[in-house]
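Novice:
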Amino acid sequence: MSRHEELRREIDEIDRELMRLFEKRMQVSEEIAQYKYSRDIAVFDSSREKEVIAKNVSLIEKQELKLYGELFIKNLMGLSRKHQNDSINHMKVSQK
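Read left to right, the sequence shown gives residues 1 to 96 (full-length UniProt numbering).
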């Protein structure tokens, strides 16, 4: 097996783990949506998002990767917000 193939397999393994964690994160996000809906709390909380971004970017050791890490977590949080909004809209329709 060439080094290129080895690296591709390693990326494949990482991607599998990322997808497993992504699915778990979305499940928790859905539970958060239910909590927020039942208490009439807005999905978007800018101070919380800033806090989460700063906390996660600080975990990145390589300075040159911090921008990419920030973009990654911002996109991930955007997907979580979308999922929460979709979940809440589904709950609203289900109640009618």
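We treat Cβ as the ideally placed atom computed from N, Cα and C, and that holds for glycine. Remember, it's a predicted structure, so these values are computed and weren't measured experimentally.
Measure the alpha-carbon distance for residue 60 versus residue 36 and round it to whole angstroms.
Specialist: 30 Å
Novice: Taking the alpha helix (DSSP H) that residue 6 falls in, what are its first and last residues?
Specialist: 3-38
Novice: Do residue 73 and residue 53 have their beta-carbon atoms positioned less than 8 Å apart in this structure?
Specialist: yes
Novice: Would you call residue 46 buried or exposed, if buried means 16 or more other Cβ atoms sit within 10 Å of its Cβ?
Specialist: exposed
Novice: Along the chain, where does the alpha helix (DSSP H) containing residue 74 start, and where does it finish?
Specialist: For residue 74, the enclosing alpha helix (DSSP H) stretches over residues 66-95.
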